[in-house]
Every structure is written in C-alpha cells, then in structure tokens.
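To start, the structure itself, in structure tokens.
Number of protein chains: 2
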Amino acid sequence: MAVGEGALPELYPVPGLRLATVSAGIKKPGRRDVVVMELAAGATCAGVFTRNAFCAAPVTLSRRHLAQTSGAVRYLLTNTGNANAGTGERGMADAQRCCELLGDAAGVPVEAVLPFSTGVIGEPLPVAKIEAVLPTALAELDADGWAAAASGIMTTDTRPKGHSLRFHCEGRDYVVTGIAKGAGMIRPNMATMLGYIATDAAVEREVLQGIISRAAELSFNRITVDGDTSTNDACVLVATGAAGNSPLSDTSSPLFAALAEAVESVCVNLAQGLVRDGEGASKFVTVQVDGGRDEQECLDVAFTIAHSPLVKTALFASDPNWGRLLAAIGRAGLEDLDVNLVGVYLNDVLIAERGCRAASYTEEQGVAAMKPEEIVIRIELARGAASASVWTTDFSYDYVRINAEYRS
Amino acid sequence: MAVGEGALPELYPVPGLRLATVSAGIKKPGRRDVVVMELAAGATCAGVFTRNAFCAAPVTLSRRHLAQTSGAVRYLLTNTGNANAGTGERGMADAQRCCELLGDAAGVPVEAVLPFSTGVIGEPLPVAKIEAVLPTALAELDADGWAAAASGIMTTDTRPKGHSLRFHCEGRDYVVTGIAKGAGMIRPNMATMLGYIATDAAVEREVLQGIISRAAELSFNRITVDGDTSTNDACVLVATGAAGNSPLSDTSSPLFAALAEAVESVCVNLAQGLVRDGEGASKFVTVQVDGGRDEQECLDVAFTIAHSPLVKTALFASDPNWGRLLAAIGRAGLEDLDVNLVGVYLNDVLIAERGCRAASYTEEQGVAAMKPEEIVIRIELARGAASASVWTTDFSYDYVRINAEYRS
Numbered sequence: 011m012a013v014g015e016g017a018l019p020e021l022y023p024v025p026g027l028r029l030a031t032v033s034a035g036i037k038k039p040g041r042r043d044v045v046v047m048e049l050a051a052g053a054t055c056a057g058v059f060t061r062n063a064f065c066a067a068p069v070t071l072s073r074r075h076l077a078q079t080s081g082a083v084r085y086l087l088t089n090t091g092n093a094n095a096g097t098g099e100r101g102m103a104d105a106q107r108c109c110e111l112l113g114d115a116a117g118v119p120v121e122a123v124l125p126f127s128t129g130v131i132g133e134p135l136p137v138a139k140i141e142a143v144l145p146t147a148l149a150e151l152d153a154d155g156w157a158a159a160a161s162g163i164m165t166t167d168t169r170p171k172g173h174s175l176r177f178h179c180e181g182r183d184y185v186v187t188g189i190a191k192g193a194g195m196i197r198p199n200m201a202t203m204l205g206y207i208a209t210d211a212a213v214e215r216e217v218l219q220g221i222i223s224r225a226a227e228l229s230f231n232r233i234t235v236d237g238d239t240s241t242n243d244a245c246v247l248v249a250t251g252a253a254g255n256s257p258l259s260d261t262s263s264p265l266f267a268a269l270a271e272a273v274e275s276v277c278v279n280l281a282q283g284l285v286r287d288g289e290g291a292s293k294f295v296t297v298q299v300d301g302g303r304d305e306q307e308c309l310d311v312a313f314t315i316a317h318s319p320l321v322k323t324a325l326f327a328s329d330p331n332w333g334r335l336l337a338a339i340g341r342a343g344l345e346d347l348d349v350n351l352v353g354v355y356l357n358d359v360l361i362a363e364r365g366c367r368a369a370s371y372t373e374e375q376g377v378a379a380m381k382p383e384e385i386v387i388r389i390e391l392a393r394g395a396a397s398a399s400v401w402t403t404d405f406s407y408d409y410v411r412i413n414a415e416y417r418s
Numbered sequence: 011m012a013v014g015e016g017a018l019p020e021l022y023p024v025p026g027l028r029l030a031t032v033s034a035g036i037k038k039p040g041r042r043d044v045v046v047m048e049l050a051a052g053a054t055c056a057g058v059f060t061r062n063a064f065c066a067a068p069v070t071l072s073r074r075h076l077a078q079t080s081g082a083v084r085y086l087l088t089n090t091g092n093a094n095a096g097t098g099e100r101g102m103a104d105a106q107r108c109c110e111l112l113g114d115a116a117g118v119p120v121e122a123v124l125p126f127s128t129g130v131i132g133e134p135l136p137v138a139k140i141e142a143v144l145p146t147a148l149a150e151l152d153a154d155g156w157a158a159a160a161s162g163i164m165t166t167d168t169r170p171k172g173h174s175l176r177f178h179c180e181g182r183d184y185v186v187t188g189i190a191k192g193a194g195m196i197r198p199n200m201a202t203m204l205g206y207i208a209t210d211a212a213v214e215r216e217v218l219q220g221i222i223s224r225a226a227e228l229s230f231n232r233i234t235v236d237g238d239t240s241t242n243d244a245c246v247l248v249a250t251g252a253a254g255n256s257p258l259s260d261t262s263s264p265l266f267a268a269l270a271e272a273v274e275s276v277c278v279n280l281a282q283g284l285v286r287d288g289e290g291a292s293k294f295v296t297v298q299v300d301g302g303r304d305e306q307e308c309l310d311v312a313f314t315i316a317h318s319p320l321v322k323t324a325l326f327a328s329d330p331n332w333g334r335l336l337a338a339i340g341r342a343g344l345e346d347l348d349v350n351l352v353g354v355y356l357n358d359v360l361i362a363e364r365g366c367r368a369a370s371y372t373e374e375q376g377v378a379a380m381k382p383e384e385i386v387i388r389i390e391l392a393r394g395a396a397s398a399s400v401w402t403t404d405f406s407y408d409y410v411r412i413n414a415e416y417r418s
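For the record, the sequence lines run as chains D and W.
Convert by adding 10 to the 1-based position in the first sequence; the result is the number in this note's numbering.
Convert by adding 10 to the 1-based position in the second sequence; the result is the number in this note's numbering.
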C-alpha cells in the first residue's frame, strides 16, 4: 500500500558524521530500534519542531539543548518503539537521563545530545534498555551507516526513505544526505515524522536555521494525508564543516544558493516519500495552485482540497469529481473570488471553468486522467502571479482499517 | 446506518402556511420530488445561505429575491433530484424560469418565489417536468403537509427529519415547526442541507433575520461530519403572523426571548438529526469544550477534534484514544495553552490530565465509556468561562464506500 518505486537510493557519507543502528528491544525483540549519530567537533545543528502545544518530552528537551549549545551539538539519539509522549514529568526526566547517559559515555556535556523518540505514546520510556546498548552504538559508529539508520528510525513505515546529492561550488565539492521516517501528520497515535539532513559544508548557525526553516516550509509543511499534526515532529539539519570552506554567513553568496537548493531538494524528496508511503495510500497527488494574489492564498486553496474527505474518497475511486473540487475551492475563504475565472485541470485536461464543467471536457478524458497512481490537480485562480503546491494521498478503506485497528 | 431513534415526531401545522408534495419524476419516476410551500400574504421570511463562493444558482436567486421583496415572500419552491449547481448561466436562467412559472400560476410576482434545489450537480434542471406539476401542487396545498414535505425534500437521507413545539407567551399560543434534509457538509457531490422553519408569530424582518442567523450559528453551523461545505446549503425562517400579535420588533421583550429559544431548539434538534443520519455514522458524538477564554477558541478546539480523521476512526473503533484527543487539542492554535491544566473526559470519565493519561483512569473505564452509540467528549481548558459544543460522527468504512462509489 505505497505508491511508486520505493528502493532506497545510494546515500553518500557526509564527512564529519558517523551513525550506528543497534537493537535495544524496546518494543520488539531483535528490532534495530536505537540510532546514534555522532557529529564532529565544530559541527553546527539547527532544527524545526512540531507546533503542537502537546509536544513530547524529547521535543522540549531537543529545543532546549539546541538553544543552550547555540547549535554546537555532538550527538543525536533516536529511539523507536516508544514516543515518550503523553508521559508528563516522568517523560522529561527519562529523556534527560538518556542524554546524560550518552553524554557520559561519549565524554560530552548533556546539552550536546539531542533526543528523539517515536512509537507508542503514554508508556514510560524504557531507559535501562537504551542505556544497555549505548556502548555498542558508540563502538559501531560508521560514516556509511545512513541506510541502516533509515531503516532503524522506521515505525509503521513500509519502507525506508532517504535521498542524497552532491554539488560543486566555487572549487569545492559538497554533499547533502538525508533520511526521514513516518509520515508526520498521517501516522496513528501521534507517531512521528523525523528527518535528519546533513551536509559537510561549514555554515554559521543562523544561516543554517534559515535554510532548514525554509526547506521544511517548502517540503514537510506541504504534505498532508489527514491534517493531523504529530506531537513529536522534528527535523534537524547538520553542517559538519568537514568540507573545509570558511563558514557560510553570506546569504547572497553562490554557496548559500547552492546549499539551500540542495537541502530543499533533499527535503522535498523525503517529504514526497512520506506521502507515497502514507497509510492506505493508493494515489500520489500533487495539488498545484497558480494565479493567486500571494503564496498564502494558494496554500489555503491547496490544503482545503488536500484535506477534503470528499475529494480524497473521489481520488480513491479514481472519480474525476470536478464538483467536489469546485466546492473545496469555494470554501477556502478567499476574498472576492471570481469563480468565473477559476480553471480546474486534472493533469493536462481542463475539467471545469466558469463555475461549471468545461465545454471541451468529456468524462472519458477525466477517467483517463484519474487512472495513474500519480495525479496533478492544478487550479488556476487567474487573479495574481503567486503559486504553491502541496502533496497528498487519497482516503481508502485501508486508511480507516489501519487507524481503527491500530490499538487492537 | 443512522444513530438512535428516527421516527418523525408530530409536526404541528403553522397557521398561515400550507404545503404540497408532488411527483415530477426529476430523477426517479414516481418519487415525490417537488415541494411547494405557500406563505400567507403579510408573512415575513429570512434566511441563511452557504458561504461557499461556488454557490448554486437557486442560492443566488433566493438571496436576490429575499432582498428585492424585503422578506415579503409568498412561495418556497423546492426540487430534489437535481441541485442546479455547477450549471453556469443556464442554471441561473432555469432557476429564474421556475420562479416565473410558479409566480404566474399563483398570481404573485416572480420575486415572491424562492427556489431551492438539491440532488446531482452539473446536470441541467428539467424545468418542463417541474412546470408540469405546479398546478397539482397548488391544488393540493394543505396546512397538514409537513410530514410529506419532510420526506419530499430528502435525497440520500435514510429518514425524514422534523421537529415541532408550542409555547405560550403573554396570553397567546405560538407554534414553531421545522423540517430539514441532507446533512449539509457531509453529503456527497455537494448535495445540500436544506432547512425550513416556520412560526405563526408576527415578526419584523430584521428581528427574524437575527433569530435565524443566531439559531443557525448554534445548530447547523455546529455540526460536521467531514468539514465539506455544500454549495447549496440554505435555511429559511418564516413568520406568518397568523397568531395575531403585533409584529415583534423589541429584542428585549419576553416574546423575543421565547421565540428565539423555540427556534434555536427546533434548529438544534434538526441539526442533530442530520448528524445522526450522517453517511456511515455509527456514533453520535457531542464535543463540548468548557473553560475557554471566549466562545471562538472553544469552537476552534471542538472543530479540530470533530474534524480529525484520527479521532473519528478511533470513535468508529470505540477506542478511547486519549493521545489523539490531546494531539488535536494541541494543534487547535490556542495561544499560551497551558497543557498541564487541560482535562479530557469521555462521558463522566476523566481520561487525561496534565498532558498525560489520568492517574485514576483505567482502560476498562475508557472502553465502557466508548461503547454507547451516543458519546460526549468533554474538554476542560481551565482558562476562562466560555463554552461551546459541536456535534459530529465517526469515520467508518461505510463513509469511504458511500463517497467513493456514489457516482458508479
């Protein structure tokens, strides 16, 4: 129940970063469920986190440690099988203890460790099980550990997600590699979207924060399956500095442009991978809105369509239901929307215009356009020059089954 | 697939209003699909209509005629089987023509007729079929026609909805009777929520508008199954004046208070009836939010819960999934929300507090609380004195089936 090709591509090592994936038996015996990432001294880290007021203990602590160290983080500690969410004060103490244990074992301050947890909620984190595997993890750190880590961070994912690319700028080669798990808003029981992206470029902290904030905005914040935002979502960007460039501080430089583009490209690829592996997904749908007055109103229309259960069930049925699309556009809250200017396209087929079915449209065209696994719904608002796209899936029987039966 | 008792109660006649329900064969031969309501001369009418920018032709025309006549409406003409939506300019001409035909036959101006249509979209309205039955309809008008009309306005509803009550005020007896169809936002293909409420009180038009606006706000605008707003939603309130009181103009009078309460009560009953008959519904759920700073933030939390597919699939599974409830509250956008103050109750069982499962809570309590068809989810925000409730249903396999297969 995942859309399209899913083989993990080659993930290039990022000089200055090593990974280990080990088995602590947190939920299932034998499952490799703890991932440790080691950042070279001098690396910089920035991150974006869930905006949910009920955020999990590790999210609170990661935010705090990032601030306390000004991004000079040395270890990222991730466990699956337990989200340490909905765990109150004990959850905070447990997350803190995990950071202390890894910090002590590795000889770095507790603040230099960021914790990440994903899995079932409301259960106490089994700290002792995690403690027991930290020596092994530290002994097995390996720059080639990305693929194992991509699998190690999975929960209900059906396949690992990763993307990697290299670019050349002003006489140097750089790499950006990222992995992600979950499908953020679409996973049951608040299990988590986690993303880890790293580059060997040297980047000043504020610039790094700007790059990951914008890249997340254009990728992870533009996917939705059901509109539910997790309590544990987190995405970090690491700059190890091993490439040897002087730290990037100029946002008008060629390196900034090249790096921002590469990070965005990796994030978009990972985000789309999350949607393709969405619960019960049988379609991968791009909702592209053009001709808006500004980006926000394009996003308002795109998300109203992407969240509409009536649109999503029609997608599941491969039904070119232009009426449901018009209805969703009409309730997106745009001021002074002239419905007579709006055009609706399925792939390249104009299906609706002037508030009704397009004169040129035939049901056969619509049925053909809805058949593929990958569909583009394009809305032309014809009232400005702004555009935005979001990615989503359909609503299927399997979505209901997975979410209704998750705890049984 | 409807929740609870569904027998239509006794619907009291409203002096000054007569109804006829006849068969025009618009979609199915023999189906009684045209309802005509005749208002006595001197009656006043007010209404609320969909906010969807893609509103159907009859909605546009009803709004216009209400304004042109200052509410001095004489006929309400409703057809099912065809929504006259997504029909462009021809749709406007067809709706106009229906009003002309009924106006001519009844001897009133075209503006004194309000048109309402519900059913499939994108198909031209069969005006000739409607024209053919208007003489019969006018001949069969009957003050006791409410129950037949409640069935006549149905589309995919599984049962008619109506409610009626009498009250006494300052020496006079009054009646309020209402019928409704569809389930507004939850019906497929933009089919429609329609509501018709009438009283024999005499009420000035602006006061009448205020009463129906507020009553709709507290009833039809507080139900949701899937968040999709129809293009045809309309609800009208008629005051025939047959009770003989001097026209109500004082909003601080006892009659205003009594009438507003009666209309609200009828609207809430009808609105809940729509939810109970929602597509695939197996639960009737009240989401009550207390302790908010203002009504709006209570509504924000209540609707975030009511729209959450993860909450709704958990309801379908009778799963007391407090984590999904906390996650929904947390993403409702409340400023400075102190999650440690929030309490979550299923019926009378405290299931979560201080950001985690309540110490007193047992899974057995939760399972027992989720078992009934009717459930109250109560959220205590503990930051103010405002409250609000919305009503919704679960998401079931049948919801997907109905909406995925509707056009096949």
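Think of the CB as a built atom: it goes at the ideal place given N, C-alpha and C, for glycine as much as any other residue.
- request: Grab me the residues of D/Arg417's own chain with a C-beta within less than 6 Å of its C-beta, minus the 5 sequence neighbours each way, in chain order.
  value: On the first sequence, residue 417 of chain D is found 407 positions in, with the first residue counted as 1. A caution first: D/Arg417 carries a pLDDT of 45, below 50, which makes its placement in the model unreliable, though a value can still be read off. Nothing listed; no residue qualifies.
task: Could you name the residues of chain W that D/Phe313 contacts, counting a contact when the two beta carbons are closer than 8 Å?
output: The count along the first sequence starts at 1 and reaches residue 313 of chain D at position 303. Result: empty, since nearest Cβ-Cβ is about 12 Å, beyond 8 Å.
query: By DSSP, does W/Asp304 sit in helix, in strand, or in coil?
result: Here residue 304 of chain W is taken as the residue at index 294 of the second sequence, counted from 1. DSSP places W/Asp304 in coil when its eight states are reduced to three.
- prompt: Can you name the residues of chain D whose CB is closer than 7 Å to the CB of W/Arg367?
  reply: On the second sequence, position 357 is the one that residue 367 of chain W refers to. Under the 7 Å cutoff, chain D gives Gly96 and Gly132.
message: Output needed in chain order: residues of the region 72-102 of chain W with a Cβ under 9 Å from some Cβ in chain D.
response: In summary, the residues of the region 72-102 of chain W whose CB is separated from some CB of chain D by less than 9 Å are Ala93, Ala95, Gly96, Thr97, Gly98, Glu99, Arg100 and Gly101, in the order they occur in the chain.
- request: Output the residue ranges of the alpha helix (DSSP H) runs that lie fully inside the region 284-372 of chain D and measure 4 residues or longer, sorted by chain position.
  value: 305-317, 319-326 and 332-340
message: If we define contact as Cβ-Cβ less than 8 Å, is W/Val349 a contact residue for chain D?
response: In the second sequence, residue 349 of chain W corresponds to position 339, counting from 1. Yes, its Cβ sits closer than 8 Å to a Cβ of chain D.
field: Spatial distance of W/Leu135 from W/Ala208 (CA atoms)
entry: Residue 135 of chain W sits at position 125 when you count from the first residue of the second sequence. Residue 208 of chain W sits at position 198 when you count from the first residue of the second sequence. Distance between the alpha carbons of W/Leu135 and W/Ala208: 27 Å.
- request: Round the Cβ separation of D/Asn94 and D/Ala105 to the nearest angstrom and send it over; I've been treating them as touching at under 8 Å.
  value: Within the first sequence, the letter at position 84 stands for residue 94 of chain D. Within the first sequence, the letter at position 95 stands for residue 105 of chain D. Confirmed, Cβ separation roughly 6 Å.
- prompt: Since W/Thr241 meets chain D, which of its residues come closer than 7 Å, beta carbon to beta carbon?
  reply: Residue 241 of chain W sits at position 231 when you count from the first residue of the second sequence. The answer, in chain order, is Ala337 and Gly340.
task: Give the DSSP-derived three-state secondary structure of W/Asn199 in the structure shown.
output: If you number the second sequence from 1, residue 199 of chain W lands on position 189. Below a pLDDT of 50, predicted positions are generally treated as unreliable, and W/Asn199, at 41, falls in that range; no measurement from the model is reported.
query: Going straight from the alpha carbon of D/Ser256 to that of D/His75, what length do you get?
result: Position 246 of the first sequence, counting from 1, holds the residue named residue 256 of chain D. Position 65 of the first sequence, counting from 1, holds the residue named residue 75 of chain D. Approximately 25 Å between the Cα atoms of the pair.
field: Where W/Cys277 sits in the DSSP three-state scheme
entry: Walking along the second sequence from the start, residue 277 of chain W turns up at place 267. Of the three classes helix, strand and coil, the one that applies to W/Cys277 here is helix, per DSSP.
field: Rounded separation between D/Gly6 and D/Arg367 - CA only
entry: The structure shown does not extend to residue 6 of chain D, since chain D is modelled only from 11 through 418, so no value can be given for it.
- prompt: Closest Cβ-Cβ distance between W/Asn62 and chain D: below 8 Å?
  reply: Here residue 62 of chain W refers to the residue found at position 52 when the second sequence is read from its first residue. By this cut-off, W/Asn62 is an interface position.
Alpha helix (DSSP H) segments (min. 4 residues) lying fully within the region 207-240 of chain D: 215-227
- prompt: For D/Phe177, which of helix, strand or coil comes out of DSSP?
  reply: Along the first sequence, read from residue 1 onward, the residue named residue 177 of chain D stands at position 167. The answer is strand: DSSP assigns D/Phe177 an E or B state.
- prompt: So, D/Thr314 versus D/Ala281, is the Cβ gap smaller than 8 Å?
  reply: If you number the first sequence from 1, residue 314 of chain D lands on position 304. If you number the first sequence from 1, residue 281 of chain D lands on position 271. Cβ distance not < 8 Å, so D/Thr314 and D/Ala281 don't count as in contact.
message: Which residues does DSSP list as the beta-bridge partners of W/Lys191?
response: For the purposes of this step, residue 191 of chain W is taken as the residue at position 181 of the second sequence. Looking at the DSSP assignment, W/Lys191 forms a beta bridge with W/Leu204.
message: For the region 25-55 of chain W, list every residue whose C-beta sits within 7 Å of some C-beta in chain D, in sequence order.
response: none
field: Which of helix, strand or coil DSSP assigns to W/Met47
entry: Translated into the one-based positions of the second sequence, residue 47 of chain W becomes position 37. It is a strand residue.
task: May I ask you to report which of helix, strand or coil DSSP gives W/Gly26?
output: Walking along the second sequence from the start, residue 26 of chain W turns up at place 16. W/Gly26 falls in the coil class under three-state DSSP.
Under 9 Å from the C-beta of W/Gly376: neighbouring residues of chain D: As a position in the second sequence, residue 376 of chain W is number 366, starting the count at 1. Correct list: empty, because the minimum Cβ distance to chain D is about 11 Å.
query: If you scan the region 116-173 of chain D from start to end, which runs of the beta strand (DSSP E) of 3 or more residues do you find wholly inside it?
result: Correct list: 123-130.
field: Test: W/Leu391 CB closer than 8 Å to a CB of chain D
entry: Looking up residue 391 of chain W in the second sequence gives position 381. False, the Cβ-Cβ gap to chain D never drops below 8 Å.
query: In chain W, which residues lie with their C-beta within 9 Å of the C-beta of D/Arg364?
result: Taking the first residue of the first sequence as 1, we reach residue 364 of chain D at position 354. Going along chain W in sequence order, the residues near D/Arg364 (Cβ under 9 Å) are Gly98 and Glu99.
field: Range of the contiguous alpha helix (DSSP H) that encloses D/Arg74
entry: Numbered from 1 along the first sequence, position 64 holds the residue referred to as residue 74 of chain D. Run containing D/Arg74: Ala67 to Gln78, per the alpha helix (DSSP H) assignment.
Which of helix, strand or coil DSSP assigns to D/Glu374: The sequence position of residue 374 of chain D within the first sequence is 364, counting from 1. Looking at D/Glu374 - three-state DSSP - the assignment turns out to be helix.
- prompt: In terms of residues, what are the limits of the beta strand (DSSP E) holding D/Val83?
  reply: Here residue 83 of chain D refers to the residue found at position 73 when the first sequence is read from its first residue. Per DSSP, D/Val83 belongs to no beta strand (DSSP E) and is neither H nor E.
field: Any chain D beta carbon closer than 8 Å to W/Val217
entry: Position 207 of the second sequence, counted from the first residue, corresponds to residue 217 of chain W. Look at W/Val217: its C-beta is not under 8 Å from any C-beta on chain D.
D/Gly98 - DSSP class collapsed to helix/strand/coil: Stepping through the first sequence from its first residue, residue 98 of chain D is reached at position 88. Note: D/Gly98 maps to helix in three-state DSSP.
- prompt: Between the Cα of W/Ala153 and the Cα atoms of W/Leu356, W/Val137, W/Arg73 and W/Ala252, which residue gives the shortest distance?
  reply: Here the question's residue 153 of chain W lines up with position 143 in the second sequence. The option with the nearest alpha carbon to W/Ala153 is W/Ala252.
query: Would a C-beta distance cut-off of 8 Å place W/Thr97 and W/Gly57 closer than the cut-off?
result: By 1-based counting over the second sequence, the position of residue 97 of chain W is 87. By 1-based counting over the second sequence, the position of residue 57 of chain W is 47. In this structure, W/Gly57 does not lie closer than 8 Å to W/Thr97 by Cβ.
query: Based on the DSSP output, what are the partners of W/Arg388 in its beta bridges?
result: Start at 1 with the first residue of the second sequence, and residue 388 of chain W comes out as number 378. In DSSP, W/Arg388 forms a bridge with W/Gln298 and W/Tyr355.
- prompt: In this structure, what does DSSP give as the bridge partners for W/Ala398?
  reply: Taking the second sequence and counting its residues from 1, one reaches residue 398 of chain W at position 388. Answer is W/Val299.
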